[in-house]
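Number of protein chains: 2
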Amino acid sequence: MTFAMNRLYHVPLSPFCRKVRLTLAEKKIEVELVEERYWDPSPDFLRRNPAGKVPVLRLEGRVLSESQAICEHLEETVPQPPLMPRDADTRYEVRRLCAWFDDKFHDEVTSKLLYERVNKKLMGQGYPDSKNVKFGSNRIKYHLDYMAWLLDQRRWLAGDVMTLADFTAAAHLSCLDYISDVDWNRHAVVKDWYAKIKSRPAFRPLLADQVPGFPQPAHYADLDF
Amino acid sequence: MTFAMNRLYHVPLSPFCRKVRLTLAEKKIEVELVEERYWDPSPDFLRRNPAGKVPVLRLEGRVLSESQAICEHLEETVPQPPLMPRDADTRYEVRRLCAWFDDKFHDEVTSKLLYERVNKKLMGQGYPDSKNVKFGSNRIKYHLDYMAWLLDQRRWLAGDVMTLADFTAAAHLSCLDYISDVDWNRHAVVKDWYAKIKSRPAFRPLLADQVPGFPQPAHYADLDF
Chain C
1 MTFAMNRLYH
11 VPLSPFCRKV
21 RLTLAEKKIE
31 VELVEERYWD
41 PSPDFLRRNP
51 AGKVPVLRLE
61 GRVLSESQAI
71 CEHLEETVPQ
81 PPLMPRDADT
91 RYEVRRLCAW
101 FDDKFHDEVT
111 SKLLYERVNK
121 KLMGQGYPDS
131 KNVKFGSNRI
141 KYHLDYMAWL
151 LDQRRWLAGD
161 VMTLADFTAA
171 AHLSCLDYIS
181 DVDWNRHAVV
191 KDWYAKIKSR
201 PAFRPLLADQ
211 VPGFPQPAHY
221 ADLDF
Chain L
1 MTFAMNRLYH
11 VPLSPFCRKV
21 RLTLAEKKIE
31 VELVEERYWD
41 PSPDFLRRNP
51 AGKVPVLRLE
61 GRVLSESQAI
71 CEHLEETVPQ
81 PPLMPRDADT
91 RYEVRRLCAW
101 FDDKFHDEVT
111 SKLLYERVNK
121 KLMGQGYPDS
131 KNVKFGSNRI
141 KYHLDYMAWL
151 LDQRRWLAGD
161 VMTLADFTAA
171 AHLSCLDYIS
181 DVDWNRHAVV
191 KDWYAKIKSR
201 PAFRPLLADQ
211 VPGFPQPAHY
221 ADLDF
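Structure representation (structure tokens):
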């Protein structure tokens, strides 16, 4: 499905934007990507989203914000291929895990590593706080262990099919992988899961992202990492 | 519908717990309320929810966490009365507003006023940080203005029927009203909206909450506030 004037206002290393990009690509909804320096927002941007955050999706003339609300909306309006299972119990599990990554993982890991190392520099807010970096580096181990525990019982994070929960987790981990903050050797089952996601066509544009001042490490785009 | 052994682990002045309590009550799902000092969690509690947060709902032998995932699950499994509209556009708007209150309002207001004034004391973490309190007191005005702007165009926050968005907003505002931090005179339309929600039978248990060390102000439970 193609909408000529669809646009996603985003930043490349935002897990919330990546989650929406993956969902759009998987459902073959074409959008023009527009980078938005949301920390220095233009009045135009604030008109589009009073929350002043990315992602913001302009879709068929409407303006949508909040990544989970956007993805649920895309799932309801463009159901193929499905990113939510049909039974209520697994749907709950998908939403629980999306919240786990966007809330708990974000607070404990993404904000402590990515925001300290990258966003602070981009926003001109100085150097990483080493206490935060240390905290995040420690906590990511616990989250990788939790993922391994889930993936020992299931093919994908929420069950036997790939869902929005996998994209949400991969959105966070891929940002952290860009700054080499994921120890893929910790659990083979987590590495295998990421390799499967990484090789999807929907993932390719994320692997092409380049952030000025932060050169892409060699393993980042390598499908055989 | 009655499930004898259903339990909600909660704290009285948590907006996330209140959102689930309102949803359960509106759908007439009876639960036993169990107060959980989540900041000093028992090993039993952490077994129930590795995220170490409330609310945690034990429902028909399953253990559910993450307030939005719980409420969506209740909506899908106990559809009457509906708290989500049927058309995709309004469903998006409900979810956007739930995220607005649970994320932006929470960060800018609830965490700056309620957590500073109440949670810190309950958790033995000392006195409110006056900078945070000042910030929250300032930002709540902006959010009340935004609600008034929405309610000038709509009967309820997301459209013409009451939805989970109204319960989410009311969950936050009712906690703040317990500590007299909401200026209801700022917008008549917001006060009228809250009066409608407050008079629902589902709201009654929230109005009976008592928190040791924080006596309930007279207006809090008064339907004619």
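Just so you know, the sequences run in chain order C and L.
Under UniProt numbering, the residue at position 144 of the first sequence is numbered 144, and the numbers go up by one with no gaps.
Under UniProt numbering, the residue at position 68 of the second sequence is numbered 68, and the numbers go up by one with no gaps.
Every residue gets a Cβ at the ideal spot worked out from N, C-alpha and C, and that includes glycine.
Proximal residues of chain L, C-beta to C-beta of residue i below 9 Å
{"i": "E60 (chain C)", "result": "Correct list: empty, because the minimum Cβ distance to chain L is about 11 Å."}
Integer Cβ distance of residue i from residue j, believed to fall under 8 Å
{"i": "L22 (chain C)", "j": "F203 (chain C)", "result": "7 Å"}
{"i": "K198 (chain C)", "j": "L223 (chain C)", "result": "6 Å"}
{"i": "P55 (chain C)", "j": "I70 (chain C)", "result": "7 Å"}
{"i": "L114 (chain C)", "j": "V133 (chain C)", "result": "Rounded, the Cβ-Cβ distance is 10 Å, inconsistent with contact."}
{"i": "L147 (chain C)", "j": "V190 (chain C)", "result": "Strictly speaking, residue 147 (chain C) in this sequence is Met, with Leu absent from that position. So it is a contact: roughly 5 Å between Cβ atoms."}
{"i": "E36 (chain C)", "j": "A99 (chain L)", "result": "Actually they are not in contact, since the Cβ atoms of E36 (chain C) and A99 (chain L) sit about 18 Å apart, beyond 8 Å."}
{"i": "R86 (chain C)", "j": "E76 (chain L)", "result": "Their Cβ separation, rounded to whole angstroms, is 10 Å, which puts R86 (chain C) and E76 (chain L) out of contact at 8 Å."}
{"i": "A171 (chain L)", "j": "K19 (chain L)", "result": "4 Å"}
{"i": "Y194 (chain L)", "j": "L207 (chain L)", "result": "Not really, about 12 Å apart at Cβ, beyond 8 Å."}
{"i": "L157 (chain C)", "j": "A169 (chain C)", "result": "6 Å"}
Cβ-based burial, residue i [other Cβ within 10 Å; buried from 16]
{"i": "L46 (chain L)", "result": "exposed"}
{"i": "H219 (chain L)", "result": "exposed"}
{"i": "E32 (chain C)", "result": "exposed"}
{"i": "H143 (chain L)", "result": "buried"}
{"i": "Y178 (chain C)", "result": "buried"}
{"i": "N49 (chain C)", "result": "buried"}
{"i": "P15 (chain L)", "result": "buried"}
{"i": "K141 (chain C)", "result": "exposed"}
{"i": "R96 (chain C)", "result": "buried"}
{"i": "G159 (chain C)", "result": "buried"}
{"i": "V63 (chain L)", "result": "exposed"}
{"i": "W149 (chain C)", "result": "exposed"}
{"i": "S130 (chain C)", "result": "exposed"}
{"i": "E30 (chain L)", "result": "exposed"}
{"i": "D181 (chain C)", "result": "buried"}
{"i": "E60 (chain C)", "result": "exposed"}
{"i": "A165 (chain C)", "result": "buried"}
{"i": "D183 (chain C)", "result": "exposed"}
{"i": "D192 (chain L)", "result": "exposed"}
{"i": "D209 (chain L)", "result": "buried"}
Closer than 9 Å at the beta carbon, the chain C residues around residue i
{"i": "S14 (chain L)", "result": "Those within 9 Å of S14 (chain L) in chain C number zero; the least Cβ separation is about 14 Å."}
{"i": "A158 (chain L)", "result": "Here the premise fails: no neighbours, minimum Cβ distance about 11 Å."}
Neighbour list for residue i in chain D, Cβ cutoff strictly below 7 Å
{"i": "Y92 (chain L)", "result": "No chain D is present in this structure, whose protein chains are C and L."}
Neighbour list for residue i in chain C, Cβ cutoff strictly below 8 Å
{"i": "E36 (chain L)", "result": "The contacting residues do not exist; E36 (chain L) stays about 17 Å from chain C at best."}
{"i": "A88 (chain L)", "result": "H73, E76 and T77"}
{"i": "A99 (chain L)", "result": "E66, Q68 and A69"}
Contact check, residue i vs residue j, beta carbons under 8 Å
{"i": "T163 (chain L)", "j": "V94 (chain L)", "result": "yes"}
{"i": "V34 (chain C)", "j": "L8 (chain C)", "result": "yes"}
{"i": "G52 (chain C)", "j": "P41 (chain C)", "result": "yes"}
{"i": "H73 (chain L)", "j": "A88 (chain C)", "result": "yes"}
{"i": "V109 (chain C)", "j": "G126 (chain C)", "result": "no"}
{"i": "K121 (chain C)", "j": "G213 (chain C)", "result": "yes"}
{"i": "residue 227 (chain C)", "j": "N138 (chain C)", "result": "Residue 227 (chain C) lies beyond the stretch modelled for chain C, which goes from 1 to 225, so this question has no answer here."}
{"i": "residue 254 (chain L)", "j": "P205 (chain L)", "result": "Outside the displayed range of chain L (1 to 225) lies residue 254 (chain L), so it cannot be described from this structure."}
{"i": "D102 (chain C)", "j": "Q68 (chain C)", "result": "yes"}
Contact set between residue i and chain L, taken where Cβ atoms lie within less than 8 Å
{"i": "R95 (chain C)", "result": "E66, Q68, A69, E72 and H73"}
Distance cut-off 7 Å: residue i Cβ against heavy atoms of the ligand NAP
{"i": "A170 (chain L)", "result": "This structure lacks the ligand NAP; in fact it carries no ligand of any kind."}
Just to confirm the assignment: which complete beta strand (DSSP E) runs, minimum length 3, are found wholly within the region 4 to 48 of chain C?
The qualifying runs are 30 to 35.
To test your reading of the DSSP string, which unbroken alpha helix (DSSP H) runs of 4 or more residues are found completely within the region 148 to 172 of chain C?
Whole alpha helix (DSSP H) segments, 4+ residues: zero.
Which full runs of the alpha helix (DSSP H) of 4+ residues lie inside the region 55 to 115 of chain C, going along the chain?
Taking only runs of at least 4 residues, the alpha helix (DSSP H) segments lying wholly in the region 55 to 115 of chain C are 67 to 77, 88 to 99 and 111 to 114.
Extract the residue ranges of the alpha helix (DSSP H) inside the region 182 to 212 of chain L, only unbroken runs of 4 or more that lie entirely within it.
Fully enclosed alpha helix (DSSP H) runs of 4 or longer: 188 to 198 and 204 to 207.
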